[in-house]
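Asks: First residue of the sequence shown: 1, per the UniProt record's numbering; consecutive thereafter. Below is one structure. I have some questions about it.
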Amino acid sequence: MEVLQHLRGPIPTTMREVSALSQLNLDEDVPSIQGANFPILLQSNTDTNFSDITAFKSAFARSAEDARVYSHLNTVLEQGQEYAIMLYTWRSISRALPFIRSSDQPNRIKIYEKTKEILEPHCLKLKQFMFFQDAAIRRFVEEVKRLAHKDQKNFFVNQAYLVTLGKMIKMFALLDEMKNMKASMKNDYSNYKRAAQFLQVNDPDSHDVSIFLAKQKIIRDTLKESLIAIDGYEDLLIEIIHNSAQMYENKVYILPEEKHTHVIVIAFSLYLLDSGRIVDGKQVGVCLNKIAKRLNIGKLDRILKECEVVNLFGDMSVEPFSYVRQTASFDPSKWPECNSAKVSGQGVILTHMARFQEEYTSLTSDLAWHTNTTSIRLNERSAKENQELYDLALRGLQYLSGWSVQVLDTFSWKLAHCASGFTNHECPKDAENYEKATRYNYNSEERFAMIEIISMIKSVQTQLLRLEACYSEAIGRSVYRELQAIVVGQLSAPLLKAQKKKERIMLARLILAIQATCADQISDTMDLDMMMHTSSSSGGGGGGTTGSKSWGKAASSKLSNSSNNNNHNNSMTTGSNSTMAAVAASLANNNDSPTGSISTSSIFDSNKRRVGPSSSQLYLVRTMLELMVEQVSSTKQMIRKELDTATLSAIDTFLKHSFYWPYLLNFSETLIKCCDLSQLWYREFFLEMTNGACIQFPIEMSLPWIFTDHILESEHPGYTEYLLYMLDLYNDAADCALNRFRRRFLYEEIEAEANLVFDQLVYKLSDKIFRHYKRYASSILLDKRFRAEAQRTASWREPYPPPNRYTAALLRQRNIQLLGRSIDINRLICQRMNKAIYKSIEVAISRFHSSDITGIIELEAAIECNRLCHRMLSEQLELDDFDALLREADNLVTSRLGKITVHVFWELTYDLVKNYCYNDATNRFVPTNFTLTEVLEREKPPTVEAQYVWGSRSLNTCFETIFKLYRGFVGAPHFSAICRLLGYRGLFVVMAEVMKVAQSLLNQTLRDYVCRLVLLMPQSLILPSEKAESDAVFSALYTQLHQIYKYTDLRTNVFQNFREFGNILICCLQLEKNLSIEDSCDLRHAGPFIGQMPRQFFPAIPSHEEGLKGKSINELRREREIQYKELQKKQESMNIVLVVSRIGTEDQLSLAKENEILTKERLCSGLTLFEFVSYDSSNRNNSDDFQT
């Protein structure tokens, strides 16, 4: 209660604070130039892994049993993926443990105990890995044995099952390569085994694990030996190879890794297929050369050449053709493409850029159109519009997959073909292999191409995720519509025909099973008992994976009896009470819709639903439809012959479209996988190759930073907006480390590198931005004729900086998402720009301190250059006020005297007054030939980078050449610059201090000299005659003033002091003149705003009547008065005081009036500075002290 009472406040104050919250602008009108970020991401997973197969038990014979087999294989694949992650992320542990130096070491027992305690959990995983690979091989071999059995040759193996078997084959190849690669894993287990033996721990599997880890290629060899013992296994492997080759050629895949999976499956299956060996002089087993026709070696040769290097896992890559080379019957003549010296185009990314750019342009234009349409939509989309969004989403996924595949192909190719001194002369011989593969392996064009493709991927991902809900809804509606169109619509007519003919009993049964599985509108009178009996009475056959073509006799007779029954009321497709018949009729009537789509006027509207099929439903439907259109059959009856051309075409189209449904129904998850480029950061394989010499590679070898730094170092303005897309690679890598690998140490390494990279990015970006705008401002201020003359005579080529080098899209970013953090890069750049401008002003003042008074011209120009640079940067950044930065750099914040004022006074007093002589003809001060005072010691000019002076070295040279013209004299330009920089306050300080010097000069020096000269003067001075010549005049005066002429200090100190006093007076006069000019210009410019109208010219009124042009004198005067009042009325709209008095507040009006007074009250309006100086000097000379 006390806390609540403490938090209470006055209600009006609270209401005002709450109301002020509504004034906060939360809308950011900033272009999106970074990767997609989603604080909360909702993903719907429709893959049930056949947990709901019991709901469709009646749909197909043995569906539950085969589904369990399929589900178990998926589980094995998931476990294999986990072990692959374990192997890939394995880091050596034993290197961090202490070694036993000798057998007499006293603490060796404790060391062994701790070694066993630390390594035991990890070694237990290795043991489990050995058991897993053994169980997985047995499970795979059992499945191959079941499908290759002679009694099961009539079984139909669907496409999904072939793909799953291919994934199993790829898993074995992956695990075998990773086990062979990880030497640290073997060393850790050896240390554990040594410690366990010392402690006498009995482990019966220890020897087997050691042999398993030590033996190379043990997984593939064990698998191959197990398959060779199966009779007819080659038929299944050939079918797997054909399926993978067909899917690769037709690009029947979405995820990037699936393309590489098909290639690895082809190559590794060929390795497993070749079992030829010589036994007792006879060829035994399968030889690839003998079955070359069945394999279509030419096509496989082309595929393996196109994909010469495949990304296996992370930064691990493998050459698929190497598996073929290891076969016993390898014949190079059968593989001309792979054995040719021609370089594969896999890693040549530049050849694909034109196509990628065209795809990106077309896709983004369509996405933008649909985004704008969705933002103004008020009603639901039609079926056609849903289909357009469905097609657009599929096209987007396919394009993203193609771009990501090309990035990974180039990355894998570069990893497998490291740079050398021959390919890159900048590559050192002692560079790390990973450095050769990344830093020195990409030229500038390839880096730009990779940057552009990565930016295209991240940009499209952002656009698709922005309307993910709309796309998911359209996908769901389109999938549901197309599924019902084929199940309810297209298959109704073949079902009606099949029920009338006994020989088509198999087709009827399949269609009934399909409709029972997926049909949404099924009549209540449907004979479910018949379907249950039909499904359960089939004695053999497959379901989820296989389907028997010899159907059960009981089911056939039951279906035959039901089809011969004349009671049409109980039929699914006939009779007035049949809902299915009505729906089929409505589908048939709608000829305009594709694939028999359902019209909105039908008995039910399929566009109202957006529920797609489950994974089990889709699997069963696709399996049964594939069986219906199978072209090769070993049975006597082929169902394909019983279907008409339209139905076959519709089924083929449906099978092509429905292949992508699992990806589209999980749209957001598929989109993230298609855009996942985390592999560009991981480098575990190359770290393993260093054998512990390198704990982690520096950021100079990291591809994300290489691409980021290349954008910063290049002068290409079109790639500047791609900077933030490169940082999204760290988000991908971190997401993979947390959610896929689940390794904390990897995330910490990514986080450490990302922090360092971002700091470097902000530092270099700020430096580049300031340098660009400083050069831009200097180029604007540089005299155009000087530039043209310098380029013509001196061959000077300083390019004019482009104004849009760093666009507003980059500088205005306030919410950059990096590793879950939201970073305001605009604020960070603002901080560094303020520091850079402040330092630049400090450098200008320091350079002025190191020069004489003539450097005031350069100082003023430098301040104006920084002011212009600040003004251009302020258009995009919220910088501090420039005058505030200037006052801080000039030390006016903590002191009454600024650095500039002090140095001006110092130079005027101790250099200009003492060492310069005034030339009245040129109105300038020029240095004297003989200096009677000590030379001033000034500070050395600071050594800074060129960007803090004028932006570049060449611009520094140009301005140095210009400012040389203002050295060697002090005149009106210098005094004008002093007046502009110091202002009234600074001039008052300087003049007051200069007059103090003059007073000191009069009181301390000139008074003594004058007294001495008075004593040396004659009592009377006779002036020569006016008619005397110059020689006579000189002789007469010389004779009378000879004593003064002989005075030793006359030519040195006396004349020097009088010159100093005269220079002081002339300096004051010059300052007053130039100050009056500046004030007059200011008043002239400010006149319309303070109510001071300039006098207008009106021609004199003619005195004679001829010049009146028919008008009287009074009329002309009246017209002039009207013109004057109109002019006065126009000027009133510019008067600040009048405008503020009408629409402003009282405080604003008070400020406006004070500002007007300060503007009007200038010295040139009536005050004379030099008159005051002269009067003060005269009074001091006429004072009694001076007279005495």
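Glycine is no exception: its CB is placed at the ideal position from the N, C-alpha and C atoms.
1) What's the C-alpha gap between A419 and A437?
2) When DSSP labels each residue in this structure, what does I816 get in the three-state scheme?
3) Rounded to the nearest angstrom, what separates W681 and S317 at their Cα positions?
4) Which one or two residues does DSSP pair with R821 in a beta bridge?
5) Taking DSSP as the reference, what is the three-state secondary structure of V902?
6) In the DSSP output, what is Y916 paired with across the bridge?
7) Where does L312 land, buried or exposed, given buried means 16+ other C-beta within 10 angstroms?
8) Using three-state DSSP, classify F975 as helix, strand or coil.
9) Shortest alpha-carbon distance to L394 belongs to which of N379, D366, K414 and L415?
10) The beta strand (DSSP E) spanning F330 covers which residue range?
11) The alpha helix (DSSP H) spanning M689 covers which residue range?
12) Is it right to say V407 is buried, meaning 16 or more other beta carbons lie within 10 angstroms of its own, or is it exposed?
13) Rounded to a whole number of angstroms, what is the C-alpha to C-alpha distance between A992 and Q1056?
14) Looking at G421 and K429, is the spacing between their C-beta atoms short of 8 Å?
15) Can you say whether G35 is buried or exposed, counting buried as having 16 or more other CB atoms within 10 angstroms of its CB?
16) Within 10 angstroms of its Cβ, does N666 collect 16 or more other Cβ (buried), or is it exposed?
17) Looking at C-alpha atoms only, which residue of R683, E78 and N915 is the closest neighbour of E435?
18) Would you list, in sequence order, the uninterrupted alpha helix (DSSP H) runs of no fewer than 4 residues that lie entirely inside the segment 55-104?
19) What are the partner residues of F969, as DSSP defines its beta bridges?
20) Using C-beta distances below 7 Å, list every residue in its chain close to D524, excluding the 5 sequence neighbours before and after it, in chain order.
21) Could you check where the alpha helix (DSSP H) with M178 kicks off and where it finishes?
22) Taking the runs of the beta strand (DSSP E) that are 3 residues or longer, which of them lie wholly in the segment 734-767?
23) Compare the beta carbon distance of E721 and I264 with 8 Å and say whether it is the shorter of the two.
24) Can you tell me the Cα-Cα spacing of I238 and E482, whole angstroms?
25) By the three-class DSSP mapping on this structure, what secondary structure does S401 have?
26) Is it a yes or a no for the segment 1069-1084 touching the segment 1037-1055, going by three-plus beta-carbon pairs under 8 Å?
27) Expressed to the nearest angstrom, what Euclidean distance is found between the alpha-carbon atoms of residue 1228 and A752?
28) I need the straight-line Cα distance from G347 to Y271, nearest angstrom please.
29) Please name the residue in S71, I40, Q43 and L42 whose C-alpha comes closest to that of D52.
30) Going by Cα to Cα distance, which pick from I228, G951 and L465 is closest to I40?
31) So if DSSP puts V318 in a beta bridge, which residue, or which two residues, is it bridged to?
32) Take R832 as the anchor and find which of H870, C865 and E864 has the nearest alpha-carbon.
33) Going by DSSP in three states, R848 sits in which element: helix, strand or coil?
34) Give the secondary structure of F156 by DSSP, where H, G and I count as helix, E and B as strand, and everything else as coil.
35) In angstroms, rounded to a whole number, what distance separates the CA positions of F411 and S616?
36) Leaving out five residues before and five after E306 in sequence, what residues of the same chain have Cβ atoms less than 8 Å from its Cβ?
Replies: With the structure as the only source:
1) 6 Å
2) strand
3) 14 Å
4) L818
5) helix
6) P927
7) buried
8) helix
9) D366
10) Here F330 belongs to no beta strand (DSSP E), and DSSP marks it neither H nor E.
11) E684 to M689
12) buried
13) 22 Å
14) yes
15) buried
16) buried
17) R683
18) 63-88
19) Per DSSP, none; premise fails for F969.
20) Note that D524 scores 40 on pLDDT, short of 50, meaning its location in the model is unreliable; the coordinates nonetheless yield the value given after this. Counting only Cβ-Cβ distances below 7 Å, and skipping sequence neighbours, we find nothing.
21) Q159 to M181
22) none
23) no
24) 33 Å
25) helix
26) no
27) Any property of residue 1228 remains undetermined from this structure, which presents the chain solely from 1 to 1188.
28) 25 Å
29) S71
30) L465
31) V310
32) H870
33) Residue identity check: residue 848 is Phe in the sequence provided, not Arg. The answer is helix: DSSP assigns F848 an H, G or I state.
34) strand
35) 37 Å
36) S344, G345 and Q346
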